[in-house]
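Inspection log for the structure reproduced underneath, given as structure tokens.
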Amino acid sequence: MVGALLSRAQVYVLKSLDEAGLAALLERALSLGGLGIALEEEGGKLLLAQADGDGRRLLNLLEQLATAMRAAGRESADAAFVGEALAPSRRRFDKGGDAFYDQISALHKSVRGSNPDASLYWFCRMLDGGADPLYLGRRILRMAVEDVGLADPRALNTALEAVATYERLGSPEGELALAQAVIYLACAPKSNAVYAAFGAAKRFVAEDGSRPVPVHLRNAPTKLMKELGFGREYRYAHDEPEAYAAGERYFPDELPRDPRFYQPTPRGVEARIGERLAHFRQLDRAAGKQDAREDD
5 MVGALLSRAQ VYVLKSLDEA GLAALLERAL SLGGLGIALE EEGGKLLLAQ ADGDGRRLLN
65 LLEQLATAMR AAGRESADAA FVGEALAPSR RRFDKGGDAF YDQISALHKS VRGSNPDASL
125 YWFCRMLDGG ADPLYLGRRI LRMAVEDVGL ADPRALNTAL EAVATYERLG SPEGELALAQ
185 AVIYLACAPK SNAVYAAFGA AKRFVAEDGS RPVPVHLRNA PTKLMKELGF GREYRYAHDE
245 PEAYAAGERY FPDELPRDPR FYQPTPRGVE ARIGERLAHF RQLDRAAGKQ DAREDD
């Protein structure tokens, strides 16, 4: 609903009924509804659990149960009869609605928060509600690159293999592979450095505009291009000490300094990546590269 309409309307927030509220509704329905049936204590508890906080569902289930009891010639229902009479119902899960996005948000944030138990809980809640496991698999892939990244490069492969396993096995066997990936990601070291770097680079390119490729980095497939000096001063990194061309510049010449997009975290594999990049910047400074900042 758009904000302009909301500002002119009285909004009522409908909340799920708790167990006490459902029990009160059930008691009124049994006493005033004229159904002429009775529920044993455990049977009533099972009926309340199947309602899952939804009063309308409770009344519908009670009507179904009454029909089954009349057909069986019963006046009272225990838990066993309730379980047989009522097919297991799905939990609240409005695919594409608020509950759907609330639950996927809870799953993602639990993984990001390194809580494997909560992550598994929300994953199973969504499966129980009827979520497409392949949709969950796609979200797991996003978690791997957005929240783990290069802190544990195996995370992405783990997620990819889990999705591939599900595609091969289907439900329910393939769901175990997705659950394994959820737990792995929740327990992995966390980094959003790649996610942040990608966003920063996209913003920089959008704002900076087009700049020519430096001559030494250009391709030279023709004789004319070679005569123009394309690629002539390029230094092949594999022929350099440590396979690193110290002082070489790869950004457009017009940029006064090399922008820094990727800032590795001190966690997991990225800690070693950060050390290696810092070493390369020291080599650049030793080679006289002007934009190798001292504060790096």
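For the sequence shown, position 266 matches number 270 in the working numbering, and the numbering has no gaps at all.
Note that CB positions come from ideal geometry on N, CA and C, so glycine has one too.
Fair warning: this is a prediction, and the values are worked out from it, not measured in the lab.
Neighbourhood of residue i by C-beta, 7 angstroms cutoff - its chain only, sequence neighbours within 5 removed
{"i": "residue 42", "result": "79 and 80"}
{"i": "residue 273", "result": "154, 155, 156 and 157"}
{"i": "residue 87", "result": "50"}
{"i": "residue 277", "result": "154 and 268"}
Residue i versus residue j: straight-line alpha-carbon distance, rounded
{"i": "residue 242", "j": "residue 112", "result": "41 angstroms"}
{"i": "residue 20", "j": "residue 60", "result": "11 angstroms"}
{"i": "residue 177", "j": "residue 183", "result": "11 angstroms"}
{"i": "residue 301", "j": "residue 237", "result": "Residue 301 falls outside the range modelled here, since the chain spans only 5 to 300, and no answer is possible."}
{"i": "residue 3", "j": "residue 18", "result": "The requested residue 3 is not part of the displayed model; the chain covers only 5 to 300."}
{"i": "residue 115", "j": "residue 194", "result": "10 angstroms"}
{"i": "residue 175", "j": "residue 163", "result": "17 angstroms"}
{"i": "residue 181", "j": "residue 222", "result": "45 angstroms"}
{"i": "residue 284", "j": "residue 161", "result": "28 angstroms"}
{"i": "residue 282", "j": "residue 291", "result": "14 angstroms"}
{"i": "residue 261", "j": "residue 252", "result": "13 angstroms"}
{"i": "residue 8", "j": "residue 205", "result": "36 angstroms"}
{"i": "residue 55", "j": "residue 185", "result": "31 angstroms"}
{"i": "residue 165", "j": "residue 255", "result": "36 angstroms"}
{"i": "residue 46", "j": "residue 15", "result": "38 angstroms"}
{"i": "residue 73", "j": "residue 152", "result": "54 angstroms"}
{"i": "residue 108", "j": "residue 29", "result": "31 angstroms"}
{"i": "residue 13", "j": "residue 125", "result": "37 angstroms"}
Burial state of residue i, where buried means 16 or more other Cβ atoms lie within 10 Å
{"i": "residue 298", "result": "For residue 298, the predicted model reports a pLDDT of 47, less than 50, meaning its position is unreliable; a value from the coordinates is still stated below. Per the 10 Å Cβ criterion, exposed."}
{"i": "residue 189", "result": "buried"}
{"i": "residue 168", "result": "exposed"}
{"i": "residue 239", "result": "exposed"}
{"i": "residue 232", "result": "exposed"}
Contacts around residue i, its chain only, beta-carbon distance under 6 angstroms, and the 5 residues preceding and following it disregarded
{"i": "residue 209", "result": "none"}
{"i": "residue 235", "result": "222 and 224"}
Selected residue, minimal CA-CA separation from residue i, among the options
{"i": "residue 67", "options": "77, 38 and 84", "result": "38"}
{"i": "residue 106", "options": "7, 163, 133 and 120", "result": "133"}
{"i": "residue 246", "options": "224, 280 and 192", "result": "280"}
{"i": "residue 187", "options": "69, 277, 128 and 45", "result": "128"}
{"i": "residue 198", "options": "45, 149 and 140", "result": "149"}
{"i": "residue 248", "options": "65, 22, 287 and 173", "result": "287"}
{"i": "residue 75", "options": "89, 83 and 136", "result": "89"}
{"i": "residue 265", "options": "123, 232 and 201", "result": "201"}
{"i": "residue 40", "options": "23, 69 and 196", "result": "69"}
Beta-carbon proximity list for residue i, same chain, < 8 angstroms, skipping 5 on both sides
{"i": "residue 27", "result": "48 and 52"}
{"i": "residue 191", "result": "118 and 120"}
{"i": "residue 171", "result": "138 and 178"}
{"i": "residue 131", "result": "137, 140 and 179"}
{"i": "residue 123", "result": "111, 114, 115, 186, 187, 189 and 190"}
{"i": "residue 145", "result": "160, 163, 164 and 167"}
contact_flag[the stretch 218 to 234, the stretch 268 to 278] where n(CB pairs < 8 angstroms) is 3 or more: No, the stretch 218 to 234 does not touch the stretch 268 to 278.
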